[in-house]
Amino acid sequence: MIRLESDVLVIGAGGAGIFAAIAAARDGCRVHLIDRSLIGRGGATVMAQMTVAVALGEQCPDHWEYHLADTLKAGRGLCDPALAQLLCENAPLRIRELDAWKVGWARENGHLKQAFAPGHDRARCVYVDFLNTGPAVSRTLRAQLNRIDAIRRIGDVLITDIAVRDGEAVGAVGVHLVSGETVALKAKSVIIATGGLTRLYRRNSGSQNMGGDGYALALRAGAELVDMEFVQFFPIGHLAPRMIGMDPIMWDPFRYKLGGRLLNAKGEEFADRYGQAESGNYVLTRDVATYAIFKEVEAGRGSPAGGAYLSFAHVPEAELRHAFGPVIDRLAKNGIDLTKMPVEVAPIAHYHMGGVRVNALMETRIPNLFAAGEAVGGANGANRLSGNALSEAFVFGERAGTAAAARAKSRAAAGWNDKTAAPELDLLDTRTSGAAAPNNMAALVVELQALMADNVGPFRTEAKLRLALQRLEQLQRDLGPLPAGGEHYNMVRLDWFDLRNMLLVAQTVVLAAIERKESRGAHQREDYPGMLPEWELNQVLSWREGKLSLSRAPVRPNAQAVT
Amino acid sequence: MSKHTARLHIQRGDSGGASRIQIFDVPFDPGNSLLDGLRWIRATLDPTLAVRFSCINANACKECMMELDGKVVYACTQRLRDGDMHITPLGNKALVQDLVTEIAPRDERLLR
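Respectively, the protein sequence lines represent chains S and D.
Each residue of the first sequence is one higher than the one before, counting from 10 in this note's numbering.
Each residue of the second sequence is one higher than the one before, counting from 1132 in this note's numbering.
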């Protein structure tokens, strides 16, 4: 067994995890920044195409209170106001910090350029051209990390459980994927920054790493999850023709800059039938657009591959080239000429509003256990505005790092011993003793993704959700109680640990979705259309003695008066 | 069924023993990537095939580097084609398992 010890352990090296590590190191802590993949390359941050919402007032006058008002409105009454306020109030600090680190935000006439995005009341989103926001942010953050000696970066380590002693987090255990060795990481405070759960769905815009690891880690450690029924589908994910080397959510920036027309199979614009007319501008919010596309397909007016058409054929070639430069050549390599043809798009799993329940210091109800970024639930309520995900990652990451550092400095060494972590370590002891897997774990992942896409998508019914719950139980049996043995990047073993988390997290989504008998934001029940005032509350999940338990909690009150 | 089939000759094995070549016939639709094919093999024929990737399609993570017919490629941007394709791990990196090599920068490894 390989043993490591730090003041602050950060799990996940995307935008939130890196900001957390930098903040904790700045406050004098020794930090271990762990990722199951490469540092600063996996996760969602690197995939971001364009917008980062922030009330800078560079493009036009703005104030974080306006940003907050839009965020709360999009959240349909379910946002945790303290978290939403933290996001909006602190985003300018983090965006300026990245600017000072030379991320390269797009500029125009001596000021940062801010684009309008649906749901915002004004031009508010900074970006890096061309579709380069995520890669530029990741590169910038990696460069900062590399300068800080107090941060040890360790990739290829899969964290399998948080170690808890006397009700407090004392570290974590996991697998070093390259060697297969068990790793025990003792720490005074622990931050979960593992991102969301998009991998639960067949078509998704996230990376392979986003199977809800952090939600499962938090639950099993005794923390609560909130708002798990709210999975955001990105309405215009690329569907056809098959395109490689590009993120399926890349059409969003095209719409920010050029509008574009969303058409059904008859060539008609249809958004106005669902309450939002477009008239050349991109104002359609994600939940309405997703609904509209699904309904058009259902009515037999979908595109051949089962989505809608997105057309830029009315935009002159020179304008396309000016707005997207080299991206136009990458499209050409995929056989796509936007001046001549539309593409097909359809909703795709994109982001999770739900997540680990934390206070305004990002701490869970388990002392010393923090969360940051998409792993956190509550800031965005029932629907997230475009551009808020990266702001959330940066702001919550910095806040979690600062709070976790303060905690680490206030306590003596973590009360770790191997006995504390015995059940978790036993699971890892199967490395050499484990039996062969009874089923093809990779096939079970595919089955789970199909099950979730077909029955727990944006449009839900009691019957489908119940069916999903039953089949999740079957998948749990197919998984078996113990992982297969194996070393040296053993994918069967890795799949087992992934499925263990994915199945647990899928259950939380389904249970919360069954219970919420109304339609709100990203949770649309075909059997309960319409938003009900009595459902203006959050649902909370916890894990007690091997069983999930679901309860209701009133939406938290405002942290302070917000005008 | 798909009319197209790629015959993938894939190098298997770890740094400890002799490697072997295993052949998989992979049906595909025009446009599918090599990574699509490798993922199909894992879910359908052989889940033990080791291959690393994280972003799947965006060419953002840069993890799926391997060699096709002796040339370094990203599996996510290389398209499948009819006939033989020879897939081997990166030749200039330490082999971990099958197509997985030690690609992390040295100071980001657990065991340096």
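Don't be surprised by glycine CBs; every beta carbon is placed ideally from N, CA and C.
Small disclaimer: the values here were computed from a predicted structure and weren't measured.
Using C-beta distances below 6 Å, list every residue in its chain close to residue i, excluding the 5 sequence neighbours before and after it, in chain order.
| i | result |
| --- | --- |
| Asp1145(D) | Gln1228 |
| Val352(S) | Leu319 |
| Leu408(S) | The sequence given here has Arg at residue 408(S), not Leu. The answer, listed in chain order, is Met371. |
| Arg212(S) | Ile357 |
| Asp507(S) | Gly220 |
| Ile1172(D) | Phe1155 and Leu1180 |
| Ala570(S) | With a pLDDT of 43 at Ala570(S), under the threshold of 50, the modelled position of that residue is not reliable, and no figure is offered here. |
| Gly387(S) | Asp89, Leu92 and Val235 |
| Thr191(S) | Met10 and Leu437 |
| Gly183(S) | Val166, Leu167, Ile168, Thr169 and Val192 |
Quick check on this structure: which residue in the options has the alpha carbon closest to the alpha carbon of residue i?
| i | options | result |
| --- | --- | --- |
| Ala522(S) | Leu370(S), Cys38(S), Phe506(S) and Met461(S) | Met461(S) |
| Phe1159(D) | Gly1147(D), Lys1134(D) and Ile1152(D) | Lys1134(D) |
| Phe263(S) | Glu190(S), Asn389(S), Arg330(S) and Leu81(S) | Arg330(S) |
| Ala225(S) | Ala421(S), Ala515(S), Pro144(S) and Ser395(S) | Ala515(S) |
| Ser560(S) | Leu434(S), Ile357(S) and Leu234(S) | Leu234(S) |
| Gln479(S) | Leu520(S), Val454(S), Glu117(S) and Arg469(S) | Leu520(S) |
| Arg310(S) | Ala332(S), Glu278(S) and Ala327(S) | Glu278(S) |
| His532(S) | Thr299(S), Arg229(S) and Leu248(S) | Thr299(S) |
| Leu92(S) | Met252(S), Arg469(S), Gly390(S) and Leu488(S) | Gly390(S) |
| Val501(S) | Arg529(S), Gly530(S) and Leu453(S) | Leu453(S) |
| Asp4(S) | Leu42(S), Gln548(S), Glu535(S) and Leu436(S) | The structure shown does not extend to residue 4(S), since chain S is modelled only from 10 through 572, so no value can be given for it. |
| Val385(S) | Phe239(S), Thr439(S) and Lys418(S) | Phe239(S) |
| Pro1178(D) | Arg1212(D), Asn1190(D), Arg1143(D) and Pro1220(D) | Arg1143(D) |
| Tyr210(S) | Glu496(S), Val455(S), Val564(S) and Arg565(S) | Val455(S) |
| Asn218(S) | Gly164(S), Pro144(S) and Met255(S) | Gly164(S) |
| Ile3(S) | Ile345(S), Ile302(S) and Phe303(S) | No statement about residue 3(S) is possible, as the shown extent of chain S runs from 10 to 572 and does not include it. |
In chain order, what residues of the same chain have a beta carbon less than 8 Å from the beta carbon of residue i, not counting five sequence neighbours either side?
| i | result |
| --- | --- |
| Ser442(S) | Gly494 |
| Arg374(S) | Gly231, Ala232, Glu233 and Arg366 |
Where does residue i fall in DSSP's three states?
| i | result |
| --- | --- |
| Ala181(S) | strand |
| Gln153(S) | helix |
| Met1196(D) | strand |
| Trp73(S) | helix |
| Phe125(S) | coil |
| Gln483(S) | helix |
| Met252(S) | coil |
| Ala62(S) | strand |
| Lys473(S) | helix |
| Thr7(S) | Since the first residue shown for chain S is 10 and the last is 572, residue 7(S) is missing from the structure and cannot be characterised. |
| Val187(S) | coil |
| Asp79(S) | helix |
| Asp1229(D) | coil |
| Arg131(S) | coil |
| Val1182(D) | coil |
| Met56(S) | helix |
| Ile163(S) | strand |
| Phe405(S) | helix |
| Glu233(S) | coil |
| Ser147(S) | helix |
Which residue marks the beginning of the alpha helix (DSSP H) containing residue i, and which one marks its end?
| i | result |
| --- | --- |
| Met511(S) | Met500 to Glu524 |
| Met461(S) | Met450 to Asn464 |
| Ala274(S) | First-last for Ala274(S): undefined, no H or E at that position. |
| Asn99(S) | Pro90 to Ala109 |
| Gly1168(D) | Leu1165 to Thr1175 |
| His331(S) | Glu326 to Phe333 |
| Trp552(S) | Taken as a continuous stretch (DSSP letters only), Trp552(S) belongs to no alpha helix (DSSP H), being part of the beta strand (DSSP E) at Leu546 to Arg553. |
| Leu228(S) | Asp222 to Ala230 |
| Ile31(S) | Gly24 to Arg35 |
Kindly list the residues whose CB is nearer than 7 Å to the CB of residue i, restricted to its own chain and excluding five residues on each side of it in sequence; keep chain order.
| i | result |
| --- | --- |
| Val63(S) | Ala100, Pro101, Ile104, Arg133, Val135 and Ser400 |
| Thr572(S) | For Thr572(S), the predicted model reports a pLDDT of 35, less than 50, meaning its position is unreliable; a value from the coordinates is still stated below. Excluding sequence neighbours, Thr572(S) sits near Glu74. |
Return the first residue and the last residue of the beta strand (DSSP E) that residue i is part of.
| i | result |
| --- | --- |
| Arg1151(D) | Arg1151 to Phe1159 |
| Ala317(S) | Ala317 to Ser320 |
| Phe379(S) | Leu378 to Ala380 |
| Leu13(S) | Ile11 to Ile20 |
Going along chain B, which residues have a C-beta under 7 Å from residue i?
| i | result |
| --- | --- |
| Thr1179(D) | Among the protein chains in the structure shown, which are S and D, there is no chain B. |
Point to revise | Residues within the stretch 215 to 228 of chain S neighbouring chain D, beta-carbon criterion of under 7 Å | key: Ser216, Gln217 and Asn218
Check your understanding: Mind listing which residues of the stretch 256 to 281 of chain S have their C-beta closer than 7 Å to chain D's C-betas, in chain order?
Key -> Asp256 and Pro257
Exercise for review: With 7 Å as the limit, tell me which residues of the stretch 372 to 397 of chain S have their beta carbon closer than that to any beta carbon of chain D; keep them in chain order.
Suggested key: none
Point to revise | Near-chain S residues of the stretch 1138 to 1169 of chain D (beta-carbon distance less than 9 Å), N- to C-terminal order | key: Asp1145, Ser1146, Gly1147, Asp1160, Pro1161, Gly1162, Asn1163, Ser1164, Leu1166 and Asp1167
Check your understanding: Name the residues in the stretch 36 to 47 of chain S whose C-beta lies less than 8 Å from a C-beta of chain D; which are they?
Key -> Within the stretch 36 to 47 of chain S, the qualifying residues are Ser46 and Leu47.
Check your understanding: Between the stretch 1205 to 1224 of chain D and chain S, which residues of the former have CB atoms less than 9 Å from a CB of the latter, in chain order?
Key -> Tyr1205, Cys1207, Thr1208, Gln1209 and Arg1210
Check your understanding: Given a limit of 9 Å on CB to CB distance, which residues of the stretch 170 to 197 of chain S reach chain D?
Key -> Residues His185, Leu186, Val187, Ser188, Glu190 and Val192.
Point to revise | Chain-ordered residues of the stretch 140 to 169 of chain S with a beta carbon less than 7 Å from chain D | key: Gly143, Pro144, Arg162, Ile163, Gly164, Asp165 and Val166
Review point. Given a limit of 8 Å on CB to CB distance, which residues of the stretch 498 to 509 of chain S reach chain D?
Key: Tyr498, Asn499, Met500, Val501 and Asp504
Exercise for review: Taking a Cβ distance cut-off of 7 Å, strictly less, list which residues of the stretch 440 to 451 of chain S are near chain D, in chain order.
Suggested key: Taking 7 Å as the Cβ-Cβ cut-off against chain D, the residues of the stretch 440 to 451 of chain S that qualify are Asn449, Met450 and Ala451.
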